[in-house]
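In my numbering, the protein residues as written are 188 to 612.
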């Protein structure tokens, strides 16, 4: 193996590192490493890296294709097989399955926790995990114990299948992933490990991840959460996504979770569950940005800046009479974000409202909604009832979720494999 290779690479620190082809074009990012355990406690052999390429597909790159590992960059060459990565018998994911594991120091019998794994290259060009960065148990009032790096031969316990395995260090490697990327990583973990990570996430983060998962996977994951936690997570989800998920888990379980949710959250979700899934009412969110005509441009821009507002919802402000919570008072019209940028901050929204946006009724079909969005080049549209009250808004991403085939997030990674040279990426 040629190129600039570090003598020792700690794999948890390598996670997220950009991968490039020989021309310097980006290929993807390192997400994990694949190893195979060997008998008599010999150092595991590194088989390759798991690299996330565009469309969140995770592929396997043999370690023999890696020509350079430097600080902040990994360079690969040769042919890249785009088949979706799956572990084979005898293979382990270093970060997904070995990090945070409780193991034992052979000399003292002391239990320690794995914080990182170091791999080194031999003269033959093979890579082996021969260093383990560990943390000892904290003593007294200390929360964390001392850390040190030991040789692979000094510890035991990796070959045991039933281990007390935490998630602290794995969570560190996943902390900066977007929700959609984290959902893709979770779907590739072993079921037990997937649940451990989900439990460690806070309610808001887990809610975002569930919204990005395939139907089957998110139903299975929600089933592993105890009732109170599941209800709290549902309360953090967008009401339309929570309603979709509750439709999928069965009436008895759905009713039980609705009773555990905060009344206000449950009310929004129940309203959406009364509509057909592929109707405007079934797809809409009940939490668009709603202001009154006497609000100002400054008020509208402050609302748009909230980080929890999606780009599609932030594209326009819905102007209604009081009350401004859905179902609102009479719907007046919309103010587009671009118009806000052209007006002085003190301008009243009532003076720049677009009255031509009439909206659709909650029973409108998926075809009618998608046609409306396409015809008027909009990212979201109002849903109003017969009394001209705003019930919610349908965004273009909601429509795409319903237009694409079921489990499209998973299916697009399962297409027939494509092999190409990394230089063409």
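Think of the CB as a built atom: it goes at the ideal place given N, C-alpha and C, for glycine as much as any other residue.
Since this is a predicted model, take the numbers as computed values, not measurements.
Handout entry: Pairwise C-alpha distance: residue 298 and residue 451
Key = Looking at the two C-alpha atoms, the distance is approximately 47 Å.
Exercise for the section: Taking only runs that begin and end inside the segment 376 to 415, name each unbroken alpha helix (DSSP H) of 4 or more residues, in chain order. Expected result: Complete alpha helix (DSSP H) runs here, min 4: 378 to 387, 390 to 398 and 402 to 410.
Handout entry: Other residues of its chain near residue 541: CB distance less than 6 Å, five sequence neighbours each side excluded
Key = Excluding positions up to five away in sequence, the list reads 520 and 521.
Handout entry: the segment 420 to 428 in contact with the segment 387 to 402 per 3-pair CB rule at 8 Å
Key = As far as the Cβ criterion goes, the segment 420 to 428 touches the segment 387 to 402, which means the pair count is three or higher.
Problem - Exposure of residue 549, with buried meaning 16 or more beta-carbon neighbours within 10 Å - result: The residue is buried, with at least 16 neighbouring Cβ atoms inside 10 Å.
Problem - CB of residue 471 within 9 Å of CB of residue 585, strictly - result: For residue 471 and residue 585, yes; Cβs fall inside 9 Å.
Practice task
Provide the residue(s) that pair with residue 316 in DSSP beta bridges, ordered along the chain.
Solution key: According to DSSP, residue 316 bridges with 306.
Practice task
Decide if residue 241 is buried, meaning its Cβ has at least 16 other Cβ atoms within 10 Å, or exposed.
Solution key: By the 10 Å Cβ count, residue 241 comes out exposed.
Handout entry: Same chain, Cβ closer than 8 Å to residue 557, neighbours up to 5 away in sequence not counted
Key = Counting only Cβ-Cβ distances below 8 Å, and skipping sequence neighbours, we find 586 and 590.
Problem - Inter-residue Cα distance where the pair is residue 474 and residue 572 - result: Taking the straight line joining both Cα atoms gives about 16 Å.
Practice task
Give the DSSP-derived three-state secondary structure of residue 440 in the structure shown.
Solution key: Note: residue 440 maps to helix in three-state DSSP.
Handout entry: CA-to-CA distance, residue 534 to residue 262, given in whole angstroms
Key = In this model, residue 262 and residue 534 are separated by some 54 Å (Cα to Cα).
Problem - Three-state secondary structure (DSSP) of residue 212 - result: Correct three-state label for residue 212: coil.
Handout entry: Cβ-Cβ distance between residue 508 and residue 479 below 9 Å
Key = Judged by their CB atoms, residue 508 and residue 479 are nearer to each other than the 9 Å cut-off.
Exercise for the section: Measuring alpha carbon to alpha carbon, tell me which of 361, 476, 467 and 514 ends up nearest residue 494. Expected result: Ranking 361, 476, 467 and 514 by Cα distance to residue 494 puts 476 first.
Practice task
Check whether the segment 248 to 260 touches the segment 374 to 381, taking contact to mean three or more Cβ pairs, one atom from each stretch, closer than 8 Å.
Solution key: With fewer than three CB-CB distances shorter than 8 Å, the segment 248 to 260 does not count as touching the segment 374 to 381.
Exercise for the section: Please report how far the alpha carbon of residue 502 lies from the alpha carbon of residue 457, in whole angstroms. Expected result: Using only the alpha carbons, I get a separation of about 27 Å.
Practice task
Please state if the CB of residue 321 and the CB of residue 334 are separated by a distance shorter than 9 Å.
Solution key: Residue 321 sits close to residue 334, with the two beta carbons spaced by under 9 Å.
Handout entry: Closer than 8 Å: residue 271 CB and nearest the ligand ATP heavy atom
Key = Of ligands this structure carries none, so the ligand ATP is not represented either.
Practice task
Look at residue 204 and residue 217 and say whether their C-beta atoms are less than 9 Å apart.
Solution key: Residue 217 is positioned such that its CB atom lies closer than 9 Å to that of residue 204.
Practice task
Can you say whether residue 403 is buried or exposed, counting buried as having 16 or more other CB atoms within 10 angstroms of its CB?
Solution key: Burial state of residue 403 is exposed, judged by a 10 Å Cβ sphere holding fewer than 16 other Cβ atoms.
Exercise for the section: Go to residue 578, then tell me how far its beta strand (DSSP E) extends in each direction, as first and last residue. Expected result: Segment 577 to 582, the beta strand (DSSP E) holding residue 578.
Problem - residue 482 versus 537, 200 and 569, residue with shortest Cα-Cα distance - result: Looking at the Cα atoms, 537 is the closest of the given residues.
Handout entry: Cβ-based neighbour list, residue 412, same chain, cut-off 6 Å, excluding 5 preceding and 5 following
Key = Within the same chain, residue 412 has no close Cβ partners at all.
Problem - Supposed close pair residue 345, residue 224 - CB separation, criterion 8 Å - result: At roughly 6 Å, the Cβ-Cβ gap stays under 8 Å, so residue 345 and residue 224 are in contact.
Practice task
Figure out for me which residue from 469, 369, 220 and 526 has the closest Cα to the Cα of residue 235.
Solution key: Out of 469, 369, 220 and 526, 220 has the C-alpha closest to the C-alpha of residue 235.
Practice task
If I'm right that residue 356 touches residue 303 with Cβ under 8 Å, what's the distance once you round it to whole angstroms?
Solution key: That belief holds up - the Cβ atoms of residue 356 and residue 303 are roughly 7 Å apart, short of 8 Å.
Exercise for the section: Rounded to whole angstroms, what's the CA-CA distance from residue 210 to residue 253? Just pull it up for me. Expected result: Roughly 14 Å between the two C-alpha positions.
Handout entry: Alpha-carbon spacing of residue 348 relative to residue 544, whole angstroms
Key = For residue 348, the predicted model reports a pLDDT of 49, less than 50, meaning its position is unreliable; a value from the coordinates is still stated below. For residue 348 and residue 544, the gap between their C-alpha atoms comes out near 60 Å.
Problem - Where residue 510 sits in the DSSP three-state scheme - result: In the structure shown, residue 510 sits in coil (DSSP, three-state: anything other than H, G, I, E or B).
Handout entry: Expected contact under 8 Å - CB spacing of residue 417 and residue 399 to nearest Å
Key = That pair is no contact at about 17 Å.
Practice task
For the beta strand (DSSP E) containing residue 284, list its first residue and its last residue.
Solution key: Taken as a continuous stretch (DSSP letters only), residue 284 belongs to no beta strand (DSSP E), as it is neither H nor E.
Handout entry: Euclidean distance between Cα positions of residue 513 and residue 361
Key = Residue 513 and residue 361 have their C-alpha atoms roughly 36 Å apart.
Handout entry: Cβ distance (whole Å) where residue 547 is taken to contact residue 559 below 8 Å
Key = That pair is a contact at about 6 Å.
Practice task
Quickly, what does DSSP pair residue 363 with across the bridge? List them, please.
Solution key: Partner(s): none; residue 363 has no beta bridge.
Exercise for the section: Pull up the distance between the alpha-carbon of residue 485 and that of residue 358, whole angstroms please. Expected result: Between the C-alpha atoms of residue 485 and residue 358 there is a straight-line separation of about 39 Å.
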